[in-house]
Amino acid sequence: MSNEILTETHGRVALVTLNRPAQLNALNDALMDALGAALLRFDADDGIGAIVITGGPKAFAAGADIGAMADWSCMDVHRDRFITRNWETIRQVRKPVLAAVAGYAMGGGCELALACDIVVAADSARFALPEIKLAMLPGAGGTQRLPHAIGKAKAMDMCLSARMLDAQEADRYGLVSRVVPDDRLLDDTLALAARIAGYSLPALVAIKESVNRAWEGTLTEGILFERRALYTRFASADAHEGMHAFLAKRTPDFQHR
Ligand code: CAA
């Protein structure tokens, strides 16, 4: 079992902690392999409804491991898909994934947060894509997800100048979902995840898929996708339970079906 990450569960919430504090959680392949495997495991676990990824107080993650990749050749990277091979795994996860970010979220660390569905930032959180300083490029979705998240003008500024955003700026620009005090970060994110995980899982999955469609396709396709997702809700026992519970003024008893 790798110690590059730590995992635990809190009821229906899985918590994954990136655990290379001496390297500010630099994302080497061992860590990313372990993270990818943990995400797939929790995604397949019926007892889990939401997943939280967090780092440490100084860094969520300071990016891809520069020491590991400094001497790779272009063919090394093509052959083994170093750095990028686990990023598609994150996209495959059907359950909601929340990032709880304190400290530096730089390069691949910022891209990891961008790949999550909800980003809760502590006051200390700092976001940057500083790859240009290395004559590299944000290559784990950064040049694609950041413009979607904060618009082209702000994204170009961050990617081309390595500008770092503090938590309040990141909140204003739409890079994060909410900002909390550092000492509340984990408790508040776990509470949010527990609230989400208490809802009907198939409905959560359908909503996540539909919102992601808004990023990835045209409005016409997205509306059609959403309509089908809505119609499919009527096949769900939980949807009928949710509506009848509302009418009867009682708490719904979701079976995640
Ligand atoms: N890779 C490897 N090691 C890293 C690292 C990284 N991305 N970031 C930090 N570290 C290591 C440092 O080398 C240092 O190790 P030693 O103690 O052995 O010297 C340790 O973590 C602590 O870092 P610092 O001493 O630099 O801490 P600081 O507080 O002075 O600065 C920082 C913090 C501003 C985050 C600084 O560490 C930094 O700029 N890190 C690099 C950030 C970066 O360039 N990220 C992009 C990487 S490329 C990428 O991510 C590509 C992609 O899209 C996939």
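Take the sequence shown: its letters are residues 41 to 297, numbered as in the numbering used here.
Heads up, the beta-carbon is just placed ideally off N, CA and C, and yes, glycines get one too.
Cβ pair residue i, residue j closer than 8 Å
i: V137; j: R218; result: no
i: N68; j: L58; result: no
i: M146; j: I123; result: no
i: G182; j: T129; result: no
i: S240; j: S276; result: yes
i: T49; j: A140; result: no
i: F167; j: L226; result: no
i: R185; j: A155; result: yes
i: A180; j: P187; result: no
i: V220; j: A153; result: no
i: L46; j: R60; result: no
i: A298; j: F100; result: Only positions 41 to 297 of the chain appear in this structure, which leaves residue 298 out of reach.
i: C254; j: A269; result: Here residue 254 turns out to be Ala, not Cys, going by the sequence shown. Against a cut-off of 8 Å, the Cβ pair of A269 and A254 comes out as no contact.
i: R52; j: G96; result: no
Any non-hydrogen atom of ligand 1 closer than 7 Å to residue i Cβ
i: D347; result: Since the first and last residues shown for the chain are 41 and 297, residue 347 lies out of range.
i: I236; result: no
i: Q63; result: yes
i: P170; result: yes
i: P300; result: Any property of residue 300 remains undetermined from this structure, which presents the chain solely from 41 to 297.
i: M198; result: no
i: K194; result: no
i: G182; result: yes
i: A104; result: yes
i: A210; result: no
i: I130; result: no
i: Y271; result: no
i: G107; result: yes
i: M72; result: no
i: M146; result: yes
i: E151; result: yes
i: L174; result: yes
i: I91; result: no
i: I123; result: yes
Element boundaries [alpha helix (DSSP H), containing residue i]
i: Y239; result: Run containing Y239: none; DSSP gives neither H nor E here.
i: A54; result: No alpha helix (DSSP H) holds A54; the beta strand (DSSP E) holding it covers V53 to L58.
i: M72; result: D69 to A84
i: A279; result: A277 to L287
i: Q132; result: W127 to Q132
i: F265; result: L259 to R273
i: R290; result: Looking at the DSSP string, R290 is not in any alpha helix (DSSP H), and its letter there is neither H nor E.
i: T124; result: That residue, T124, is in no alpha helix (DSSP H); it is neither H nor E in DSSP.
i: Q184; result: G182 to I190
i: E151; result: G148 to A155
i: G107; result: I106 to M109
Residue i in three-state terms, based on DSSP
i: V117; result: helix
i: M198; result: helix
i: E48; result: strand
i: A142; result: coil
i: F100; result: strand
i: L205; result: strand
Limits of the unbroken beta strand (DSSP E) element including residue i
i: A162; result: I158 to A162
i: F167; result: R166 to A168
i: I93; result: A90 to T94
i: R218; result: R218 to V220
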